[in-house]
Amino acid sequence: MRETETRYYSDERTEEFSGITRRTITIDGSYRYLHKNPIWKIAEFLVYRVIMTPVAALWCKIKYHAKIVGREKLRSCGRFGYFLYGNHTLMDGDAFLPSLCAFPKKTMVVVNADNLSVPVTKTWIELSGAIPVPNEFSGTRPFLNALEKHTLLGHAVTIYPEAHLWPYCTFIRDYPADAFRYPVRFGMPSYAMTVVHRKPKNPRRKHPDVTVYLDGPFYADSSLPDRAQARDLRDRIRAAMCEHAKESDYEKYRYVKKTEDAHE
Numbered sequence: 211m212r213e214t215e216t217r218y219y220s221d222e223r224t225e226e227f228s229g230i231t232r233r234t235i236t237i238d239g240s241y242r243y244l245h246k247n248p249i250w251k252i253a254e255f256l257v258y259r260v261i262m263t264p265v266a267a268l269w270c271k272i273k274y275h276a277k278i279v280g281r282e283k284l285r286s287c288g289r290f291g292y293f294l295y296g297n298h299t300l301m302d303g304d305a306f307l308p309s310l311c312a313f314p315k316k317t318m319v320v321v322n323a324d325n326l327s328v329p330v331t332k333t334w335i336e337l338s339g340a341i342p343v344p345n346e347f348s349g350t351r352p353f354l355n356a357l358e359k360h361t362l363l364g365h366a367v368t369i370y371p372e373a374h375l376w377p378y379c380t381f382i383r384d385y386p387a388d389a390f391r392y393p394v395r396f397g398m399p400s401y402a403m404t405v406v407h408r409k410p411k412n413p414r415r416k417h418p419d420v421t422v423y424l425d426g427p428f429y430a431d432s433s434l435p436d437r438a439q440a441r442d443l444r445d446r447i448r449a450a451m452c453e454h455a456k457e458s459d460y461e462k463y464r465y466v467k468k469t470e471d472a473h474e
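Residue numbering for the sequence shown follows the working numbering, beginning at 211 and increasing consecutively.
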């Protein structure tokens with residue numbers, strides 16, 4: 211197993227370590243979030259259920275030896291939808307793990323518009339359950355309508371509030387409460403989905419073993435104003451995530467905040 215690589219950062223809310231640069235497409239009021247076309251529906255079923263669900267299960271089992279703890283907590287929602295908040299640390303796993311956690315519910319994943327920037331893969335990603343965040347104000351209403359519609363249909367909506375990918379990061383970064391306004395707005399429950407990185411038993415393995423902890427449900431405190439509800443929800447979910455993150459014992463990359471003498 212190779213030595214831990216140190217990566218320096220200045221702002222944990224804005225910096226990206228994915229190493230991928232794409233030309234961002236525009237997501238505005240003209241973007242189609244919801245589809246009624248029967249051909250699209252059939253393609254969506256084939257891609258999500260027939261192809262991606264078994265691929266996700268095999269990939270996470272083989273590459274990460276993934277183990278999910280607390281899946282029974284999700285059952286308290288019954289046929290209703292919910293929001294799932296996770297730490298953004300696996301380029302491939304973050305796309306696959308939510309569907310394994312929420313199965314048999316369908317899982318939608320809120321993504322940055324950059325993820326749809328490659329024409330060849332755009333439609334495939336959409337069929338797999340991606341919901342892009344609008345980067346034009348006119349797209350806000352359709353985006354919110356899509357989130358509400360999916361939760362009403364009983365789907366799980368996954369959000370990575372850290373917003374930026376830090377591969378194999380072992381701590382929970384600071385993140386704003388903006389993404390927690392959705393369960394407040396729609397009156398839906400939320401869950402924490404914490405990915406913990408563990409040292410693989412085989413020293414020749416290049417990737418950590420992964421354990422996913424599910425906590426909740428968390429409900430907004432209706433006695434508070436809306437913004438305060440979102441902050442309170444963020445704080446409770448983040449506290450649960452931070453507690454589990456302490457169990458990580460594998461550092462492929464060590465993230466260190468820059469100081470004046472950081473490189474001396």
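Quick reminder that beta carbons are idealized off the backbone N, C-alpha and C, glycines included.
(request) For my contact list, residue 406 and residue 369 are in at a C-beta cut-off of 8 Å; report their separation, rounded to the angstrom. (result) For the purposes of this step, residue 406 is taken as residue 196 along the sequence shown, with counting starting at 1. For the purposes of this step, residue 369 is taken as residue 159 along the sequence shown, with counting starting at 1. The pair is not a contact, with the Cβ atoms about 19 Å apart (cut-off 8 Å).
(request) Kindly indicate if chain B contains any beta-carbon less than 7 Å away from that of residue 311. (result) In the displayed structure, chain B is absent; only one protein chain is listed.
(message) Let me confirm a value: residue 300 is counted as buried when at least 16 other C-beta atoms fall within 10 Å, else exposed. Which label applies?
(response) By 1-based counting over the sequence shown, the position of residue 300 is 90. It is buried - the Cβ of residue 300 has at least 16 other Cβ atoms within 10 Å.
(message) Quick check on the burial criterion: 16 or more other C-beta atoms within 10 angstroms. Buried or exposed for residue 349?
(response) Counting from one through the sequence shown, the residue named residue 349 turns up at place 139. The residue in question, residue 349, is buried, as its Cβ has 16 or more Cβ neighbours within 10 Å.
(message) For residue 358 and residue 367, I'd like the C-alpha separation in whole angstroms.
(response) Along the sequence shown, read from residue 1 onward, the residue named residue 358 stands at position 148. Along the sequence shown, read from residue 1 onward, the residue named residue 367 stands at position 157. Distance between the alpha carbons of residue 358 and residue 367 is about 10 Å.
(message) Rounded to whole angstroms, what is the Cα-Cα separation between residue 261 and residue 229?
(response) Mapped onto the sequence shown, residue 261 falls at position 51. Mapped onto the sequence shown, residue 229 falls at position 19. Rounded to whole angstroms, residue 261 to residue 229 spans 27 Å at the Cα level.
(request) Could you say which of 268, 379, 334, 295 lies nearest to residue 446 if we only look at CA atoms? (result) Position 236 of the sequence shown, counting from 1, holds the residue named residue 446. Nearest C-alpha to residue 446: 295.
(request) Look up residue 235 in the DSSP assignment and say whether it is helix, strand or coil. (result) Numbered from its first residue, the sequence shown carries residue 235 at position 25. Residue 235 falls in the coil class under three-state DSSP.
(request) Closer than 7 Å by C-beta to residue 392: which residues in its own chain qualify, once you throw out the five before and the five after it? Chain order, please. (result) Position 182 of the sequence shown, counting from 1, holds the residue named residue 392. These residues qualify, in order along the chain: 293, 357.
(request) Scan the segment 311-354 and note each continuous beta strand (DSSP E) run of 3 residues or more that stays entirely inside, going in chain order. (result) 317-321, 340-342
(message) With three or more beta-carbon pairs closer than 8 Å as the criterion, would you say the segment 373-391 touches the segment 233-251?
(response) no
(message) To the nearest angstrom, how far is the alpha carbon of residue 306 from that of residue 267?
(response) Residue mapping note: residue 306 aligns to position 96 of the sequence shown, counting from 1. Residue mapping note: residue 267 aligns to position 57 of the sequence shown, counting from 1. Each residue's alpha carbon lies about 8 Å from the other.
(message) Does residue 425 come out as helix, strand or coil in the three-state DSSP assignment?
(response) Stepping through the sequence shown from its first residue, residue 425 is reached at position 215. It is a strand residue.
(message) I'd like the span of the alpha helix (DSSP H) that includes residue 443, first residue to last.
(response) In the sequence shown, residue 443 corresponds to position 233, counting from 1. From DSSP, the alpha helix (DSSP H) with residue 443 extends over 436-455.
(request) Report the residue from 252, 308, 353 whose alpha carbon sits nearest the alpha carbon of residue 237. (result) Sequence index remark: in the sequence shown, residue 237 carries index 27 (1-based). Measuring from the Cα of residue 237, the nearest candidate turns out to be 353.
(request) Determine the direct distance from the alpha carbon of residue 308 to that of residue 372, and round the result to whole angstroms. (result) Within the sequence shown, numbered from 1, the residue matching residue 372 stands at position 162. Within the sequence shown, numbered from 1, the residue matching residue 308 stands at position 98. One C-alpha to the other measures close to 16 Å.
(request) Count the other C-beta atoms from every protein chain shown that fall within 10 angstroms of the C-beta of residue 474, then say buried if there are 16 or more, exposed otherwise. (result) Taking the first residue of the sequence shown as 1, we reach residue 474 at position 264. Because residue 474 sits at a pLDDT of 46, beneath the cut-off of 50, its placement in the model cannot be relied upon, and the following sentence gives the value as read from the coordinates. Exposed.
(request) May I ask you to list the residues that DSSP assigns as paired with residue 400? (result) Counting from one through the sequence shown, the residue named residue 400 turns up at place 190. Looking at the DSSP assignment, residue 400 forms a beta bridge with 293, 428.
(message) To the nearest angstrom, how far is the alpha carbon of residue 297 from that of residue 253?
(response) If you number the sequence shown from 1, residue 297 lands on position 87. If you number the sequence shown from 1, residue 253 lands on position 43. Rounded to whole angstroms, residue 297 to residue 253 spans 30 Å at the Cα level.
(message) Suppose you measure from the CA of residue 467 to the CA of residue 223; what does that come to, to the nearest Å?
(response) The sequence position of residue 467 within the sequence shown is 257, counting from 1. The sequence position of residue 223 within the sequence shown is 13, counting from 1. Each residue's Cα considered, the two are about 12 Å apart.
(request) Would you mind stating whether residue 225 and residue 219 have Cβ atoms separated by less than 7 Å? (result) On the sequence shown, position 15 is the one that residue 225 refers to. On the sequence shown, position 9 is the one that residue 219 refers to. Contact flag set, yes.
(message) Spatial neighbours of residue 465 within its chain, please: C-beta separation below 7 Å, excluding the five flanking residues on both sides.
(response) For this step, residue 465 is matched to residue 255 along the sequence shown. Taken in chain order, the residues that qualify are 217, 219, 376, 379.
(message) Alpha carbons only, please: which of 374, 285, 414 is nearest the one belonging to residue 313?
(response) Taking the sequence shown and counting its residues from 1, the one referred to as residue 313 is at position 103. Out of 374, 285, 414, 285 has the C-alpha closest to the C-alpha of residue 313.
(message) Quick check: residue 424 and residue 451, are their CB atoms within less than 7 Å of each other?
(response) In the sequence shown, counting from the first residue as 1, residue 424 sits at position 214. In the sequence shown, counting from the first residue as 1, residue 451 sits at position 241. Not closer than 7 Å, so no.
(request) Measure the alpha-carbon distance for residue 389 versus residue 291 and round it to whole angstroms. (result) Indexing the sequence shown from 1 puts residue 389 at position 179. Indexing the sequence shown from 1 puts residue 291 at position 81. Straight-line Cα distance between these residues: approximately 16 Å.
(message) Short of 7 Å in beta carbon distance, which residues of its chain neighbour residue 364, apart from the five on each side in sequence? Order them along the chain.
(response) If you number the sequence shown from 1, residue 364 lands on position 154. Correct list, in chain order: 289, 290, 291, 315.
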